[in-house]
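The sequence shown: position 731 = 731 (the UniProt record's numbering), numbered continuously.
Even for Gly, the Cβ is constructed at its ideal location relative to N, Cα and C.
Notes for the one structure printed next.
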Amino acid sequence: MSFCSFPVSVLRGVVCCLAVMLGVLAPGLRAADESSEQTIATINQELDVRLHELPSKMKAFQQILDGYIANQKKKAEELNKLGVILYSQDATNMFALAFYCQQVMSLRAELKTLVDNEATSQTTFTFERAIKLLNEEKTRLDGLKNSIAAMDDATLSEESRKAKAQAVKKCDKLNKVIDAYLKTLTQEKGRIGSLNDKSAALETYAADKLQAMVNTVFYSPVSVLNYFSSACERFKEAFIATYVVDDSSTERTKEVWKMVKGIALFLVVSYLLARLTFRVGLKKILMKRNMMEKAPYHICWSTLLYLAFFMSIGSLLQPLDFMRAVMTTGIEFLMTLALITFSVTVRLPYEKVRQGLLLYAPGMVLCTVFIFLRMSMAPNIIVNMTLPLLFPLVFAWNVWILVRNKQTAPPVDKFFSTVSCVLIGLASICSLIGFSFLFFLVMLAWIMLLTSILFLMAFYHLVHIYQKKRSLRVENAGHRLQPFMSKFVLPVMSLLLIMFSLLWPASIFNIAHLIREWASTPFIVSDFAQSISVNAIITVIFMAITLRYVIFVVKTELHEKLGEDYDLGGYSTYMTLGTFVLWGVYVLISLAVFQVNFTGIMMILGGMSMGLGFALKDTIDNIICGLSLMFGRLRQGDIVECDGIRGKVSSIGYRTTYIETLDGSVIAFQNNQLFNKNFRNMTSNHVFEQVKVEIGIAYGTEVDKARTLILEAVRDVEGLSKTRNTSVVLDGFGDNSVNLGVWVWAPVRMKMATLSRVREAIYRTFNENGISIPFPQQDVYIKEVPRAVVVEEKGA
């Protein structure tokens, strides 16, 4: 129970009760018109009440203080114990050393938090605040005592003089109580400072020793082949000491056996629960999909998940930090196996599941051995002797699996198994020259990354199935879910799982804090940028993913609500400009995250302005021309004609404008080129254009009658403008017909369909009214039949 962990309201109430008991508030309760005798009598009565209540009130304060002192003694004992272990620990056991170093750092963090709270906390009652408050009350009590003592005895009665003397004595008595608690608080404050200094020194030693160990086992290889005979002897001794000798009297051994028995029990219960879950929840689903053959695999990964759940509950009840760490490692291992099995079972058909699990079996076996070595705190010699033998065996097994399943293995799983095989082969070579621990870490990182990838694949597979199932029931179902999963959830999960893939192997070695420090430490520090670190880069990537998805959602919602009006109006232009602005703000925020010196940027840009101006001339010109087009001559969705090409403006980018032609092809124009061209915007002022439809009538047909029939025919044609009139003019005299020109106002976007309806209406009307549409005719006259033809006819 930490003194600094109590809320302000509790301890402040106790100390304020002490202040009231000490008579601090008494002077303020005196009426100005009371006589001296009445004042002394009243103060005396109140001091009697405070002294009477003092024991019970101070008991609560003492309980808090005693709890704090007991907690600090416990921390001091724990610190001394860790100091003894750490100072006696040699460099032969990486796992044990890293574990105890981590314990020291955790304890140091707790003590540092207490000290920091002592100096800066505004939410907890600290030593400094308690001492200050008691000193203030002592000063006030001294003032009260001096004021009472200064009263003139000549003006007081005999009884009042006795009351005065008693009040002074009571003030002295209360002062002694304050002095006693001030002394205790001052001592405890000094003790926590001393304990904090001691923990800081031990933390420094632990950090240095851990860093030296990391440098030794990871970066300073010593091949066991150089001292193989002595290494075998040391391996034998370490193996016996670690796995054979049974000291059942120690608390740790007892807890280990409890854990083993508990895991055995939990395994049985987990299997039964998995079968029950399958019968209740999964059986109907699998029967509907004809996937009952997969039931054993589903029960397998469910059992692993249940076992991990029960072990997590057991770890919370575990009193020993060592056993808690062991159980946590076991839980993470079970989750890894469960996720790999789950992914293979969900993604692959039944006949491929066994083959898929076999492809990942070498990696899972390696992971099992790694976790066993970590949980048993295996000495370095055991790791250095075991892995050079284990890696080649697993490599050969992996190669055999790949060769045997070369033709039938699922492609994706075969690829991942091949990558694992390459890494294991590399580990086989490097472990022989002394890099066993390094590739221990590398293989764990790869297994965790592989697990993350497989989980994402299974997750996406399930989402795809769900979306497909919903789309059969509801039209457009999942049109929001699919982008949400693919554009936001999966990228964010990928980012988080990659980070976890690095942190989990490091946590196996109890060096996750080194990874976190590395990620938070800027690897580029200069006058230009002061905080370019891995964490900063991850933050910037996360912001980019989020902004990209938000822009997509806004654009999609506008498309759905506005429909064709989105392209016809200025919404697309505003959306494009808004996108530019948002990405510009994102760039500024990213620069702030990297703590970029904007003054330095301006100086650099000023110095490079001439070169940048020439290099980016076309780009800047395109951007400015694009903005000019957006605000002036063009909008997204406009129909334009440029260089004889007619099409719709599909998008206006910061460099290029895309036009979709009538045949569906897309033509890109540089913004500055399009800006300087004379093009026709068919939809800038209105949505109609005047088009001539040519029609011919036979010579001799009354033109006025034909004109009247044409106007009546096209009057009700769908799509033509209702405000602009159609006109029919005599366009000319052809070889075979009198040519009429029918000028109609057709919608730009539906021009072809509307003109087709106009021609159909005219043709139908002419047929109904007996007006013929002439067509060219040619008469062929044969002056002489070839002789060969005549002979052939006679012969026939």
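query: Reduced DSSP secondary structure (H/G/I, E/B, other) of E702; result: coil
query: Short Cβ contact (7 Å threshold) for G425 with F395; result: yes
query: Neighbourhood of V269 by C-beta distance below 8 Å, restricted to the same chain and skipping five residues each side; result: Y306, F310
query: Segment limits, alpha helix (DSSP H) that includes I537; result: 534-562
query: Rounded separation between G13 and R129 - CA only; result: Residue confidence for G13 is low, a pLDDT of 47 falling below 50, so the modelled location carries little weight; the figure read from the coordinates is stated next. The alpha-carbon atoms of G13 and R129 are separated by roughly 13 Å.
query: Stretch-stretch touch, CB-based, cutoff 8 Å, three pairs: the segment 210-217 with the segment 94-111; result: yes
query: Distance, H52 Cα to K169 Cα; result: 15 Å
query: Residue from M750, D735, C101, A427 with nearest C-alpha to M682; result: M750
query: Bridge-paired residues (DSSP) for I652; result: T657
query: Cβ-Cβ distance between L720 and D731 below 7 Å; result: no
query: For T368, the nearest candidate out of I508, V399, A264, G314 (CA to CA); result: I508
query: Collapsed DSSP secondary structure at G637 in the structure displayed; result: coil
query: Counted within 10 angstroms of its Cβ, other Cβ atoms place S520 as buried (16 or more) or exposed; result: exposed
query: Selected residue, minimal CA-CA separation from N398, among I382, F416, I782, N384; result: F416
query: Short Cβ contact (7 Å threshold) for L334 with L304; result: yes
query: Proximity of P747 and V687 at Cβ, strictly below 7 Å; result: yes
query: Alpha helix (DSSP H) segments (min. 4 residues) lying fully within the segment 286-324; result: 295-316
query: Reduced DSSP secondary structure (H/G/I, E/B, other) of F679; result: coil
query: Contact set for K294: own chain, Cβ-Cβ below 7 Å, skip 5 residues either direction; result: L286, T345, Y350, V353
query: Contacting residues, own chain, Cβ-Cβ under 7 Å from N384 (five flanking each side not counted); result: V224, S436
query: Alpha helix (DSSP H) segment containing V383, residue limits; result: 380-404
query: Buried or exposed by the 16-neighbour rule on C-beta atoms within 10 Å, applied to T408; result: exposed
query: Buried or exposed by the 16-neighbour rule on C-beta atoms within 10 Å, applied to L195; result: buried
query: N- and C-terminal bounds of the alpha helix (DSSP H) containing I773; result: Here I773 belongs to no alpha helix (DSSP H), and DSSP marks it neither H nor E.
query: S340 vs T451 beta-carbon contact at 7 Å; result: Residue identity differs from the one stated: residue 340 is Ile in this sequence, not Ser. Yes, they are a contact pair.
query: Any 3 or more C-beta pairs closer than 8 Å across the segment 752-771 and the segment 704-716; result: yes
query: Contacting residues, own chain, Cβ-Cβ under 8 Å from G734 (five flanking each side not counted); result: G696
query: Straight-line Cα distance separating K132 from R140; result: 12 Å
query: Buried or exposed by the 16-neighbour rule on C-beta atoms within 10 Å, applied to F439; result: buried
query: Anticipated Cβ contact below 8 Å, V593 with T661, distance rounded; result: Going by Cβ atoms, the distance from V593 to T661 rounds to 44 Å, so no, they are not a contact pair.
query: Cα-Cα separation between V780 and A698, rounded to whole angstroms; result: 22 Å
query: Outcome for A149 when other beta-carbon atoms lying within 10 angstroms are tallied against a minimum of 16; result: exposed
query: For M448 and R347, the rounded distance between their alpha carbons; result: 19 Å
query: Whole-angstrom distance between G626 and I645, CA atom to CA atom; result: 20 Å
query: Residue span of the alpha helix (DSSP H) that contains Q187, given as start and end; result: 158-219
query: Test item: CB-CB of C101 and A206 under 7 Å; result: yes
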